[in-house]
Amino acid sequence: MDFDVLLEAKKEFACRFPEQMAELSGGRYDPEEKLISISYLNEIYRISFPDGEFFEGEQSTPLTIEEKALVLQYLSQATGQPLRGKWVSFSDLPNGMLHDAPFKVEAVEPLAEIFGGQPGKLLDVAKSLGATELKIGDAGVVIPVFPHITVAIILWLGDEEFSARANMVFDAVAPNYLSTAALYVLGANVTRRLCKAVR
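Counting from 34, one number per residue, gives the positions in the sequence shown under the numbering used here.
Here it is in structure tokens:
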């Protein structure tokens, strides 16, 4: 399934103009090497055009098939629209309500479970992904996933009555770059990266 999604993403990528993709996505294109460079979770990845192969640096985090497809989709569908500085929940995305429950299970609840008892750890770990602190809740961070897509994670500590809670929201421009299904994958991947760094 993931491999089919990657093949489809490569086909779409190959049909675009590389200079335009780089400009609209916030990346760079080297016409001599035919490589697009793009930032994903605070690391630079280079992708060959038109075949969509990834060249990772020695220190780069290896990308999963799912993440490679996500990067190619972002490049292919980039619109150049700037960040809006307004947050929307997953349920507010187009058709997001249909998949909000599984999104919470996969992308939100693990954050409360892992960081609920150690909120300071959230900022420490998220900094490796380029995060900055967000003064909302008991702990909050803003993570630049791509140059034009940011997510915010907010954590509320638990007490005797309530368990710890978390939320993940997207900059309102996100649906102009990726489908709701792709943003689901993006959110789940951000959570996996954060939780893996703690374990």
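Backbone N, C-alpha and C define an ideal beta-carbon position, used for all residues, glycine too.
Alpha-carbon to alpha-carbon, residue j and residue i
| i | j | result |
| --- | --- | --- |
| residue 104 | residue 73 | 8 Å |
| residue 78 | residue 93 | 8 Å |
| residue 157 | residue 151 | 10 Å |
| residue 87 | residue 38 | 16 Å |
| residue 133 | residue 123 | 6 Å |
| residue 85 | residue 174 | 31 Å |
| residue 140 | residue 56 | 30 Å |
| residue 126 | residue 180 | 19 Å |
| residue 184 | residue 66 | 32 Å |
| residue 42 | residue 36 | 10 Å |
| residue 172 | residue 160 | 13 Å |
| residue 119 | residue 111 | 19 Å |
| residue 62 | residue 50 | 10 Å |
| residue 44 | residue 224 | 28 Å |
| residue 227 | residue 166 | 15 Å |
| residue 52 | residue 131 | 36 Å |
Proximity test, residue i beta-carbon vs the ligand COA heavy atom, cut-off 7 Å
| i | result |
| --- | --- |
| residue 159 | Among the ligands in the structure shown, none appear at all, so the ligand COA cannot be discussed. |
Reduced DSSP category for residue i - H, G, I as helix; E, B as strand; rest coil
| i | result |
| --- | --- |
| residue 107 | helix |
| residue 62 | strand |
| residue 37 | helix |
| residue 203 | strand |
| residue 98 | helix |
| residue 46 | helix |
Residue range of the unbroken beta strand (DSSP E) whose run includes residue i
| i | result |
| --- | --- |
| residue 177 | 172–179 |
| residue 52 | Not the beta strand (DSSP E): residue 52 falls in the alpha helix (DSSP H), residues 51–58. |
| residue 75 | Taken as a continuous stretch (DSSP letters only), residue 75 belongs to no beta strand (DSSP E), as it is neither H nor E. |
| residue 188 | 182–189 |
C-beta atoms of residue i and residue j nearer than 8 Å
| i | j | result |
| --- | --- | --- |
| residue 70 | residue 60 | yes |
| residue 162 | residue 182 | no |
| residue 206 | residue 117 | yes |
| residue 149 | residue 215 | no |
| residue 170 | residue 187 | yes |
| residue 16 | residue 217 | This structure leaves residue 16 out entirely; the chain is present only between 34 and 232. |
| residue 54 | residue 108 | yes |
| residue 222 | residue 100 | yes |
| residue 230 | residue 144 | no |
| residue 203 | residue 138 | no |
Endpoints, the alpha helix (DSSP H) within which residue i is located
| i | result |
| --- | --- |
| residue 226 | 213–231 |
- Task: Run through the region 120–165 for me and flag every whole alpha helix (DSSP H) of 4 or more residues, listed as ranges in chain order.
- Result: You should have 133–136, 142–148 and 152–159.
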